[in-house]
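Student:
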Amino acid sequence: MAISTPMLVTFCVYIFGMILIGFIAWRSTKNFDDYILGGRSLGPFVTALSAGASDMSGWLLMGLPGAVFLSGISESWIAIGLTLGAWINWKLVAGRLRVHTEYNNNALTLPDYFTGRFEDKSRILRIISALVILLFFTIYCASGIVAGARLFESTFGMSYETALWAGAAATILYTFIGGFLAVSWTDTVQASLMIFALILTPLSSLSVSVALVTRWK
Numbered sequence: 001m002a003i004s005t006p007m008l009v010t011f012c013v014y015i016f017g018m019i020l021i022g023f024i025a026w027r028s029t030k031n032f033d034d035y036i037l038g039g040r041s042l043g044p045f046v047t048a049l050s051a052g053a054s055d056m057s058g059w060l061l062m063g064l065p066g067a068v069f070l071s072g073i074s075e076s077w078i079a080i081g082l083t084l085g086a087w088i089n090w091k092l093v094a095g096r097l098r099v100h101t102e103y104n105n106n107a108l109t110l111p112d113y114f115t116g117r118f119e120d121k122s123r124i125l126r127i128i129s130a131l132v133i134l135l136f137f138t139i140y141c142a143s144g145i146v147a148g149a150r151l152f153e154s155t156f157g158m159s160y161e162t163a164l165w166a167g168a169a170a171t172i173l174y175t176f177i178g179g180f181l182a183v184s185w186t187d188t189v190q191a192s193l194m195i196f197a198l199i200l201t202p203l204s205s206l207s208v209s210v211a212l213v214t215r216w217k
């Protein structure tokens, strides 16, 4: 399927918008703390949407529906388990981690936090935690880029390889330029789009179903 001009314009505007947010975040970044954690200044609205978009984007809109379609309704337990786990995480872990990272030498990363929290002089905890993060987040980021490429491929009619490289390049660019602020702000925009899609899709499906039922009567 050849890509149409309106589709191409929409895709380019989206990519350009994400990169522009990265440059705006760069202008708001004053030091290394800002680059890594946004100066710990994010409000609850941006934090919630950013965490939701990072945690529940590709798998929620593409992975989970695909799993349910292929394997049946039993795959819904994935969503139930994740919802319960996320609630426990925010309730029991997030607040404490937020406070303790400041008290432990203003730790900016989890390896920093573990090293300071448990007074690990050998740095074994730092190495192990860094390796775990590197391994599993590499897989997670790769799956997110693949999901985005598949979405661009089906929506805009471009080749999978082009969509993959364009999405990866834009993500790397705005992250490299704007750091954590850029990631959080672009996540907020993307989360807003996802919420809109999650509301619009069932309403559109219901409208089409009602129209079909009315037609066949």
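The UniProt record's numbering puts the sequence shown at residues 1 to 217.
The beta carbon of each residue, even a glycine, is placed where N, CA and C say it ideally should be.
Since we're looking at a predicted model, the values are computed, not measured.
Is it buried or exposed for tryptophan 59, if we count other Cβ within 10 angstroms and need 16 for buried?
Tutor: buried
Student: Ignore the nearest five residues each way along the sequence and tell me which others in arginine 126's own chain have a CB closer than 6 Å to its CB.
Tutor: Pro111, Thr115
Student: By the 10 Å Cβ neighbour count, where 16 or more other Cβ atoms means buried, how is glycine 43 classified, buried or exposed?
Tutor: exposed
Student: Under the rule that 16 or more other beta-carbon atoms within 10 Å means buried, what is tryptophan 185, buried or exposed?
Tutor: buried
Student: State the Cα-Cα distance for the pair asparagine 106 and valine 210, rounded to the nearest angstrom.
Tutor: If you draw a straight line from the Cα of asparagine 106 to the Cα of valine 210, it comes to about 57 Å.
Student: May I have the straight-line CA-CA distance separating alanine 169 from leucine 131, to the nearest angstrom?
Tutor: 24 Å
Student: For phenylalanine 11 and phenylalanine 156, which I take to be in contact (beta-carbon distance under 8 Å), what is that distance rounded to the nearest angstrom?
Tutor: 5 Å
Student: So, at 7 Å on beta carbons, what are the nonlocal neighbours of residue 228 in its own chain, with the 5 sequence-adjacent residues on each side left out?
Tutor: This structure leaves residue 228 out entirely; the chain is present only between 1 and 217.
Student: Between phenylalanine 23 and isoleucine 177, which are expected to be in contact by the criterion C-beta below 8 Å, what is the C-beta distance as a whole number of angstroms?
Tutor: 6 Å
Student: To the nearest angstrom, how far is it from the Cα of serine 122 to the Cα of leucine 134?
Tutor: 20 Å
Student: Less than 7 Å between CB atoms is the rule here; does serine 50 satisfy it with respect to chain C?
Tutor: Although the question refers to chain C, the structure presented lacks it and comprises just one protein chain.
Student: On a CA-only basis, which of Phe118, Asp55, Ser207 is nearest phenylalanine 137? Give me that one, please.
Tutor: Asp55
Student: Where do the ends of the alpha helix (DSSP H) carrying valine 189 lie?
Tutor: Counting along the chain, valine 189 sits inside the alpha helix (DSSP H) bounded by residues 160-216.
Student: Quick check on the burial criterion: 16 or more other C-beta atoms within 10 angstroms. Buried or exposed for leucine 49?
Tutor: buried
Student: Going by C-alpha distance, which of Gly148, Ser129, Arg98, Glu153 is nearest glycine 167?
Tutor: Gly148
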